[in-house]
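Student: Before we start, here is the structure in question, set down as C-alpha cells.
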Amino acid sequence: MKRSLACLAAVVFAGQVGTAAEIKIGVVAELTGDMPAVGASCKQAALMAVDEVNNAGGLKVGGSTYTVDLEIEDNAAKADQSALAAQKLIAQDRVLAIIGPNASLGAVPASAIAEGGRTVMITPWSTNPKTTRDMRTGRPKRYVFRACYTDTFEGHVLAMFILNQLKLKRAAVLYDVASEAPTSQSELFRRIFTEKGGVMTAFETYTTGDRDFSAQLTKIKESNPDIIFLPSYYNDVPLVVTQAKRLGVTVPFLGSDAWSSPELITLSQGTVEGYYFANHYAADIATPAAQAFIQAYKARYKALPDDVAALTYDAFGLLFQALKQVDKPEREALRNALSSISRYEGVTGNMRFQEGSGDPIKSAVILQVKNGRFVWFANANP
Amino acid sequence: MAYLFQQILNALQLGSIYALIALGYTMVYGIMTMINFAHGDIFMVGAFLCFVAATVLGLSFIPALLFSMLGCALLGVVIERLAYKPLREAPRVSAVITALGVGLMLEHLTLVFSPYPRHVPALWSSASWHVGGVTLSSLQVLIIVLSVLLMVFLDWLVRRTMLGLAIRAISWDRTVAAIMGVPVDAVISLTFAIGASLGGAAGFLYALAYPVIDPYMGVIVGWKAFIAAVVGGIGNIRGAMLGGFILGAVEILVAAFLPSTYRDLIAFALLFILLICKPYGILGQPRPQKV
C-alpha cells in the first residue's frame, strides 16, 4: 500500500513537472490594518490577472510554457511587516518578482529589501519618490518599478488644477505627518503651488490614528483659504470633512489618489459630494482594453474596480509583457526586460519607463464626486 | 478672541471624552491597584455597539446609549470574572499582562466581523449655532453636558451611597473589608461594570462625534486616557476627570497656537514635567506600603 502510494505520488509529481513548470510571483498587500479595502482590491486584481494567464494555457517564456503561482502575504498596512513579507518572499519562497506593497508606507521599506535581494518589485500604487529612488545616492533603484505616477507629478497636477481651472489662489493643507505618501504629496504641493503664484494660508498636520482635528481645522478656518488640500486615505477623509462642516468650514476640499476607494463613498455618506481629487484612471471614460478589464472584474467580484485594482492588473501586465521578452524566467533578465519596455497599453493608460528609472511616464485624471460616484472631470498629461 | 473660545470648546469636547475613559482606569486601579489595559478596547466595543444599535437594531438615541453602556458593563463583568479574578492573588504583573491580552483579543474579535472601517449614522441632530464668530454644534453640547452629568452621578455614587462606601472600604483594605462583611466579589464586579459602562458611554459619544470606527480605534485613545488618569492621580476619581480635561486642553491648545507637527511632543513633554513636579498626579496621594 505504502509503495503504491509512493508510486502514485511519483507519477503525479512527474506529470506536473513534465507538462508545466511554475513561475512564482509574490504579492504583498494591505489585507488587514488601516486600509483593508486597498489590500482587497490588490488581491482580487492579482488573482484575476493570474487566472487569465493560467486559463489561457500559461505563460510562454523562451519556448517553454509556465503556469503562474501566487504567494500572497499580508503586511497589515505596516512598514515593518512589509519588509518582513518581502524578505520571506525573496529568501524563503524564492519568488521571481514581487507585486506590491501598495501604500508608500509599506512600499518604501519593502523596496529596500527587494533592491538588496536583487529581485524585481513592482508597486502598483505607491507614488512616493523614495520608493524607486535611493535617497542617499540620489540614483534610481535598479530592481524597483511602479505602475503609477509619482507624487511630484500629482502635486504639480493638483497645484495647476487649483490655479488654472478652479481659479483659486489661497489654499490650506492638512495631512498625516506619520504617513509617507501624504507627507511627500503635501510638501511637493506646497512647493509647486507657491512657485506658481498661489498663497499657502495654513500647513497643518496630524498623526495616524488621530480622530480629532478640531484644533487644526479651527486654525485653517481662521486662515481663510479658498480650498483645503487633504491628501489623506479614504478612512480619514470622512472624519475630517464631517468635523470641518460642524465647525462651519464652507470651502471645498481637494483630494489625492488616496481618496479613490469606493469605501470613501460608503464612509462619508454624502459629505464629500462635489469635491475633486486626482487619480490614476477614470472608470467611466476607459479605453476598450480597460473596458474589457472593468467588465471582467465586475462579473467576477460584483464591484467596480478602483484604481488599486486597475494598477495591480497593470503591474501584472507589465510583468507578463517583460517575461515574454526573456529566454528564461530569471530575476536579472526580467529586470532588464522590464526597464526596456518602450510601450505598454494598460488599463490606466499607455506607459513606458523613463530611461534608467522605475517610474513610468503616464497621465493623470481629475475626478469629481457626483451623486455618490467618481466621475471624470479633466485629463492631465505629463 | 473668538478663535480662543472656539478652541476652548474643542478642548472641552475632547477632554470630556478622555475624562470618561480615564474614570474606568482609575476606578479599577482604586479598588484593585491594577491597570486594566483592556479598557481602551472596551471603549472601542462601546463604539461598535453604538454602530450595531443604530444600524442593525435601528434604535434611537437614548435606547442606543443604554445599549452601549449595558453591553460594556456586561463585558466588563465577564472580563473581570474570567480573566482577572483567578489572578487576584497572583503577582500584579500577571494581571497587567492578562489585561493587555484581553485587549488584543477584543480587537481581533471585532476584526473577525469585518476589517473594514464602519460609518456610524447620526443619532443626534447636526444643528449648530454661530455666536459671535464661535460655532457651537448641538453634538458638542451633548457630549460635554452628558459627560459632566455622568461624572457628577459617579462622584455622588462613590461619596454618598452604601455602594460607594463599600468600594472605598475595599480600596482601603480588601481583607479587613471582607471581615467586616462587605461582599467583596460583588462590589469588585460592580466597580468593573460601572467603569466599563462609562467607557461604553465614551465610545458611544465618540462614535457620534467621529463617525468612522475601526477595531484599533481604542488603542491610542486608551493610552491617552490612561495618561490622563495618571496625571490626575490614578485611583482618584476627581483626579481622572481633571486629568482628562487637562490632556484635552493641552492637546488642542498646543495645536492651536504652535505648529501642529509638534503637538504630541510638546503636549507630552508638558505632562512629563507636571509628573516630575507632582509624582502622584495632581490630586493623587502617596499610599503607604504596608510591610
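From first to last, the protein sequence lines are chains P and H. Numbering of the first sequence is given in the working numbering, commencing with residue 1 and proceeding in unit increments. Numbering of the second sequence is given in the working numbering, commencing with residue 1001 and proceeding in unit increments. For each residue, glycine too, the CB sits at the ideal point set by N, CA and C.
(1) With H, G and I counted as helix, E and B as strand and the rest as coil, what does DSSP make of residue 1003 of chain H?
(2) Does residue 219 of chain P get closer than 8 angstroms to chain H when you measure Cβ to Cβ?
(3) In chain P, which residues lie with their C-beta within 8 angstroms of the C-beta of residue 1256 of chain H?
(4) Within the same chain, show all residues whose beta-carbon is closer than 7 angstroms to that of residue 129 of chain P, passing over the 5 residues directly before and after it, in chain order.
(5) List the residues of chain H whose Cβ lies closer than 8 angstroms to the Cβ of residue 74 of chain P, in chain order.
(6) Among H:1238, H:1125, H:1010 and H:1032, which one has its Cα closest to the Cα of residue 1190 of chain H?
(7) Using only the alpha-carbon positions, how far apart do residue 1140 of chain H and residue 1127 of chain H sit?
(8) Would you call the segment 1112-1126 of chain H and the segment 1045-1061 of chain H in contact, with 3 or more CB pairs under 8 angstroms?
(9) Determine the burial state of residue 1125 of chain H: buried for a count of at least 16 other Cβ atoms within 10 Å of its Cβ, exposed for fewer.
(10) When you compare the segment 1212-1219 of chain H with the segment 1230-1248 of chain H, are there three or more beta-carbon pairs, one atom per stretch, that lie closer than 8 angstroms?
(11) Taking the alpha carbon of residue 1071 of chain H as the reference point, which residue from H:1059, H:1045, H:1082 and H:1088 has its own alpha carbon closest?
(12) Let me know if residue 1001 of chain H comes out buried or exposed under the rule of 16 or more other beta-carbons within 10 Å of its beta-carbon.
(13) How many angstroms separate the CA atom of residue 26 of chain P from the CA atom of residue 1064 of chain H?
(14) If we cut at 8 angstroms on Cβ distances, does residue 1014 of chain H have a partner in chain P?
(15) List, in chain order, every chain P residue whose beta-carbon is nearer than 7 angstroms to that of residue 1285 of chain H.
(16) How would you write the range of the beta strand (DSSP E) that residue 70 of chain P sits in, first residue to last?
(17) Starting from the beta carbon of residue 1130 of chain H, find every residue of chain P whose beta carbon is closer than 7 angstroms, and list them in chain order.
(18) Using the beta-carbon of each residue, which ones in chain H are nearer than 8 angstroms to residue 222 of chain P?
(19) Taking the alpha-carbon positions, what's the residue 418 of chain P to residue 250 of chain P distance?
(20) Taking 8 angstroms as the threshold (beta carbon to beta carbon), is residue 1084 of chain H in contact with chain P?
(21) Going by CA-CA distance only, name the one from H:1200, H:1137 and H:1111 that's closest to residue 1047 of chain H.
(22) What residues match up with residue 1097 of chain H in a beta bridge as DSSP calls it?
(23) Using three-state DSSP, classify residue 124 of chain P as helix, strand or coil.
(24) How many Å lie between residue 1192 of chain H and residue 1116 of chain H at the Cα?
(25) For residue 265 of chain P, name the three-state secondary structure that DSSP assigns.
(26) Could you tell me which chain H residues have their CB closer than 8 angstroms to the CB of residue 235 of chain P, listed as they occur along the chain?
(27) Would you mind telling me which residues of chain P sit closer than 8 angstroms to residue 1041 of chain H, beta carbon to beta carbon, in chain order?
(28) Of all the alpha helix (DSSP H) runs that stay within the bounds of the segment 1006-1047 of chain H, which reach a length of 4 or more residues?
(29) Quick one: is residue 1252 of chain H near chain P, going by C-beta distance under 8 angstroms?
(30) In chain order, what residues of the segment 1219-1235 of chain H put their CB closer than 7 angstroms to some CB of chain P?
(31) Just checking: is the beta-carbon of residue 305 of chain P within a distance shorter than 8 angstroms of some beta-carbon in chain H?
(32) Taking Cβ-Cβ distances shorter than 7 angstroms, what residues in chain P pair up with residue 1135 of chain H?
(33) Do we get a CB-CB distance below 8 angstroms when we pair residue 1111 of chain H with the residues of chain P?
(34) Evaluate residue 201 of chain P with the Cβ neighbour count: other Cβ atoms within 10 Å of its Cβ, from every protein chain shown; 16 or more gives buried, anything less gives exposed.
(35) Let me make sure I understand the geometry here. Which of P:231, P:134 and P:40 has the alpha-carbon closest to that of residue 176 of chain P?
(36) Can you give the Cα-Cα distance for residue 1086 of chain H and residue 1067 of chain H, rounded to whole angstroms?
Tutor: Quick look at the numbers:
(1) Reading the second sequence from its first residue, position 3 is the one you call residue 1003 of chain H. In the structure shown, the three-state DSSP call for residue 1003 of chain H is helix.
(2) Here residue 219 of chain P refers to the residue found at position 219 of the first sequence. Yes - at least one Cβ of chain H is within 8 angstroms of the one on residue 219 of chain P.
(3) Sequence index remark: in the second sequence, residue 1256 of chain H carries index 256 (1-based). Chain-order list of chain P residues neighbouring residue 1256 of chain H: 215, 218 and 219, by C-beta distance under 8 angstroms.
(4) Within the first sequence, numbered from 1, the residue matching residue 129 of chain P stands at position 129. Cβ neighbours of residue 129 of chain P beyond the five flanking positions: 150, 151, 152 and 184.
(5) Start at 1 with the first residue of the first sequence, and residue 74 of chain P comes out as number 74. The premise fails here: residue 74 of chain P is roughly 10 angstroms from chain H at the closest Cβ pair, so nothing lies under 8 angstroms.
(6) Position 190 of the second sequence, counted from the start, is the residue given in the question as residue 1190 of chain H. Nearest to residue 1190 of chain H by alpha-carbon distance, out of H:1238, H:1125, H:1010 and H:1032, is H:1032.
(7) Stepping through the second sequence from its first residue, residue 1140 of chain H is reached at position 140. Stepping through the second sequence from its first residue, residue 1127 of chain H is reached at position 127. Spanning the alpha carbons of residue 1140 of chain H and residue 1127 of chain H requires a straight line of approximately 10 angstroms.
(8) Yes: the two stretches touch, three or more of their Cβ pairs being nearer than 8 angstroms.
(9) Here the question's residue 1125 of chain H lines up with position 125 in the second sequence. That one is exposed.
(10) Judged by Cβ distances under 8 angstroms, the segment 1212-1219 of chain H makes no contact with the segment 1230-1248 of chain H, as fewer than three pairs qualify.
(11) Looking up residue 1071 of chain H in the second sequence gives position 71. Ranked by Cα distance from residue 1071 of chain H, the options H:1059, H:1045, H:1082 and H:1088 are led by H:1045.
(12) On the second sequence, residue 1001 of chain H is found 1 positions in, with the first residue counted as 1. Label assigned to residue 1001 of chain H: exposed.
(13) In the first sequence, residue 26 of chain P corresponds to position 26, counting from 1. In the second sequence, residue 1064 of chain H corresponds to position 64, counting from 1. Between residue 26 of chain P and residue 1064 of chain H, the C-alpha separation is close to 46 angstroms.
(14) Counting from one through the second sequence, the residue named residue 1014 of chain H turns up at place 14. Taking Cβ atoms only, chain P reaches closer than 8 angstroms to residue 1014 of chain H, which makes this a yes.
(15) Indexing the second sequence from 1 puts residue 1285 of chain H at position 285. Listed along the chain, the chain P residues whose CB falls inside 7 angstroms of the CB of residue 1285 of chain H amount to none; the nearest CB is some 32 angstroms away.
(16) Here residue 70 of chain P is taken as the residue at index 70 of the first sequence, counted from 1. Going by DSSP, residue 70 of chain P is part of the beta strand (DSSP E) stretching over 64-74.
(17) Here residue 1130 of chain H is taken as the residue at index 130 of the second sequence, counted from 1. 248, listed in chain order.
(18) Numbered from its first residue, the first sequence carries residue 222 of chain P at position 222. The contacting residues are 1003.
(19) The shown model of chain P, from 1 to 382, leaves out residue 418 of chain P, and the question about it has no answer.
(20) Position 84 of the second sequence holds residue 1084 of chain H. Taking Cβ atoms only, chain P never reaches closer than 8 angstroms to residue 1084 of chain H, which makes this a no.
(21) The sequence position of residue 1047 of chain H within the second sequence is 47, counting from 1. The shortest C-alpha separation from residue 1047 of chain H is found at H:1200.
(22) Here the question's residue 1097 of chain H lines up with position 97 in the second sequence. According to DSSP, which records beta bridges pairwise, residue 1097 of chain H is partnered with nothing at all.
(23) What you label residue 124 of chain P is simply residue 124 of the first sequence in a count that begins at 1. The DSSP-derived three-state label of residue 124 of chain P is coil.
(24) As a working mapping, residue 1192 of chain H is identified with position 192 in the second sequence. As a working mapping, residue 1116 of chain H is identified with position 116 in the second sequence. Near 30 angstroms, if we compare the C-alpha coordinates of residue 1116 of chain H and residue 1192 of chain H.
(25) Here the question's residue 265 of chain P lines up with position 265 in the first sequence. Of the three classes helix, strand and coil, the one that applies to residue 265 of chain P here is helix, per DSSP.
(26) Stepping through the first sequence from its first residue, residue 235 of chain P is reached at position 235. Identification of chain H residues near residue 235 of chain P by a Cβ-Cβ cut-off of 8 angstroms yields 1117, 1212 and 1214, ordered along the chain.
(27) Along the second sequence, one-based indexing puts residue 1041 of chain H at 41. Those within 8 angstroms of residue 1041 of chain H in chain P number zero; the least Cβ separation is about 14 angstroms.
(28) As far as the segment 1006-1047 of chain H is concerned, it has no whole alpha helix (DSSP H) run of at least 4 residues.
(29) Taking the first residue of the second sequence as 1, we reach residue 1252 of chain H at position 252. At least one chain P Cβ lies under 8 angstroms of residue 1252 of chain H.
(30) Of all residues in the segment 1219-1235 of chain H, only 1220 come within less than 7 angstroms of chain P when Cβ atoms are compared, listed by chain position.
(31) Taking the first sequence and counting its residues from 1, one reaches residue 305 of chain P at position 305. Using a Cβ-Cβ cut-off of 8 angstroms, residue 305 of chain P does not count as an interface residue toward chain H, since no Cβ of chain H sits closer than that to its own.
(32) To locate residue 1135 of chain H, count along the second sequence from 1; it is residue 135. Residue 1135 of chain H reaches chain P at 247 and 248, counting residues in chain order whose Cβ is nearer than 7 angstroms.
(33) As a working note, residue 1111 of chain H is residue 111 in the second sequence. Chain P contact via Cβ: present.
(34) Taking the first sequence and counting its residues from 1, the one referred to as residue 201 of chain P is at position 201. Result: buried.
(35) Locating residue 176 of chain P in the first sequence gives position 176, counting from the first residue. The alpha carbon of residue 176 of chain P has as its nearest neighbour, out of P:231, P:134 and P:40, the alpha carbon of P:231.
(36) For the purposes of this step, residue 1086 of chain H is taken as residue 86 along the second sequence, with counting starting at 1. For the purposes of this step, residue 1067 of chain H is taken as residue 67 along the second sequence, with counting starting at 1. Taking the straight line joining both Cα atoms gives about 28 angstroms.
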